[in-house]
Amino acid sequence: MTTQVETTVRSPEAYTLAHRAVDAMQAAAVWPTPLNFELWLHYLGDPDGTLGQEISRLLATGAPFTDSTAEMLAAEFLPRGRLSEEIRDAGAMLNRELAAVAGAIDKARESQANYGHTLADAVDRMASAGDADSLGDIVSSLADATRRIRRHTAALERRLESSNREVTRLRDHMEQVRRDAMTDALTNLANRKAFDEHLLRLCDEAESMGGSIGLAIIDIDHFKRFNDTWGHQTGDQVLRYVASVLGRVSRAPRIAARYGGEEFALIFPGETAGAIEAALNAIREEIASRALRRRSTNDDLGAVTISVGFGLRRPGETASQLLTRADEALYASKRSGRNKVTAAAQAVSDAA
Ligand code: C2E
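Residues in the sequence shown are numbered from 2 upward in steps of one, following our numbering.
#1: With a threshold of 7 Å, establish whether the CB of THR235 neighbours any heavy atom of the ligand C2E.
#2: Should the stretch 206–215 be called in touch with the stretch 309–318, which here means at least 3 C-beta pairs below 8 Å?
#3: Hey, how far is the Cα of ARG170 from the Cα of ARG160?
#4: Note down the Cα distance separating ILE1 from ALA103, rounded to an integer number of angstroms.
#5: Return the chain-ordered ranges of every alpha helix (DSSP H) run that is complete within the stretch 14–58 and spans a minimum of 4 residues.
#6: What's the C-alpha gap between LEU60 and HIS174?
#7: Would you mind reading off the limits of the beta strand (DSSP E) that contains SER308?
#8: What do you reckon, is the C-beta of SER290 under 7 Å from a heavy atom of the ligand C2E?
#9: Grab me the residues of ILE284's own chain with a C-beta within less than 7 Å of its C-beta, minus the 5 sequence neighbours each way, in chain order.
#10: Among the residues of its own chain, which have a CB less than 7 Å from the CB of ALA25, if the five just before and after it don't count?
#11: Buried or exposed for HIS199, please, with buried defined as at least 16 other CB atoms from any protein chain shown within 10 angstroms of its CB.
#12: Helix, strand or coil: how does DSSP classify ARG294 here?
#13: Mark ILE277 as exposed unless 16 or more other C-beta atoms lie within 10 angstroms of its C-beta, in which case mark it buried.
#14: At what residues does the alpha helix (DSSP H) containing THR154 begin and finish?
#15: Keeping to the same chain, check which residues put their C-beta closer than 7 Å to that of LEU203; ignore five residues upstream and five downstream.
#16: For GLY338, does the count of other Cβ atoms within 10 angstroms reach 16, so buried, or fall short, so exposed?
#17: For the beta strand (DSSP E) containing VAL394, list its first residue and its last residue.
#18: Taking the alpha-carbon of ILE88 as reference, which of ARG193, ALA130, ARG179, HIS233 has the nearest alpha-carbon?
#19: How about VAL309 and SER334: are their beta carbons less than 8 Å apart?
#20: Can you look up ALA207 in the DSSP assignment and give me helix, strand or coil?
#21: Tell me the rounded alpha-carbon separation between THR154 and ARG166.
#22: When the Cβ atoms of the stretch 138–158 are set against those of the stretch 106–124, are three or more pairs found closer than 8 Å?
#23: Reducing DSSP to helix, strand and coil, say where ARG259 ends up.
#24: Assuming LEU74 is part of the alpha helix (DSSP H), what are its boundary residues?
#25: Is the beta carbon of SER245 within less than 7 Å of some heavy atom of the ligand ATP?
#26: Give the DSSP-derived three-state secondary structure of GLU318 in the structure shown.
#27: Looking only at its own chain, which residues have a Cβ that is under 6 Å from the Cβ of ALA244, when we skip the five neighbours before and after it?
#28: SER69: buried (16+ other C-beta within 10 angstroms of its C-beta) or exposed?
#29: Can you give me the Cβ contacts of PRO65 inside the same chain, cut-off strictly under 7 Å, excluding the 5 residues immediately before and after it?
#30: Report back the beta-carbon spacing between ALA258 and ALA195 to the nearest angstrom; my notes put them in contact at under 8 Å.
#31: For GLY236, name the three-state secondary structure that DSSP assigns.
#32: Less than 8 Å between the beta carbons of ILE219 and VAL239, yes or no?
#33: For a test of the three-state rule: what should DSSP assign to GLY303, helix, strand or coil?
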């Protein structure tokens, strides 16, 4: 998808596509921020791609397209391009370092060889030296050669030390890039991409080695109404508030993630249905227990409630089947009045 759009934006249709992107953003009441513009170029350039479908779906819900929605979409659908640029840069820096180190090692090898020749030469000259003066000359040329080799060795050490620092810096930077690519910028929880990877891996492990995997999908009740009443900035703070509670209760091996706009997911490896249900109810109560205030006006925002659906993975069940069951349980919570935790049907016959 990215390559296709990148080709189009350097082709004769580029300006048409750019105009269409601006028109479409205006029609959908989306601000023409640089990030939205990038998303819309991809959307219009490939409307049936995964990003195109997701944007169509979000627009169809009528929910406002906020900066955090844009960031989530970018994190999920545009990271490869960004990540690969960082990786290319780091690769180029590493190549430069390696070339400099290889050059320094070559020089050191050359000066070692010269030193070896000087020593061999000195041995020959000593054997035939007739007087103290010529011995003195030999010793002084040996001392010169030794000083030279010490200088070269010290230079090589300095070069290796600076390379070591640079490689450590690059490694830390790449680690940060990797973490950013897996983190939701607004809430600091794992993002959807990281969540998908964790869930797939854990389901595979449970299938091959046994062990239980619990999955909960959490949705903030009436979030759209909240956003419409108080504005997106306050809406974003509500997302951060819910995320902060989820983050606190999700010590490893639990994993908390922002799953979609106002949806979150929690993975519970190795816990029983009873323990998961109790933890989710505690989270639900804690979230609802606080009366939030709007920072700009100090208005009372009231309590935020969440609806939750969860399920335990059945033997042989794929990650997406488990997600579907947890989602169905979430909708059961919504249908039965919200601010609830509902367990998915567990036995296969229950689900039929
Ligand atoms: P934040 O605004 O970045 O605040 C981070 C943390 O700083 C909060 O974590 C809390 O421990 C502390 N903090 C910030 N402002 C206050 C304050 O006025 N009084 C007290 N006692 N502590 C404060 P916490 O509580 O987990 O909240 C996480 C995020 O949830 C906050 O990030 C904010 O975005 C949102 N949030 C929480 N409560 C409210 C609220 O009443 N109103 C609004 N608008 N947002 C809230």
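Backbone N, C-alpha and C define an ideal beta-carbon position, used for all residues, glycine too.
On the basis of the supplied data:
#1: yes
#2: yes
#3: 15 Å
#4: Nothing about residue 1 can be reported from this structure: the residues present for the chain run from 2 to 353 only.
#5: 15–28, 35–46
#6: 36 Å
#7: 307–313
#8: no
#9: VAL246, LEU247, VAL250
#10: TRP41, LEU45
#11: buried
#12: strand
#13: buried
#14: 133–182
#15: ILE214, ILE268, PRO270
#16: exposed
#17: The shown model of the chain, from 2 to 353, leaves out residue 394, and the question about it has no answer.
#18: ARG179
#19: yes
#20: helix
#21: 18 Å
#22: yes
#23: strand
#24: 68–78
#25: Here the bound small molecules are the ligand C2E; the ligand ATP is not part of this structure.
#26: coil
#27: THR188, LEU190
#28: buried
#29: ASN228, HIS233
#30: 6 Å
#31: helix
#32: no
#33: strand
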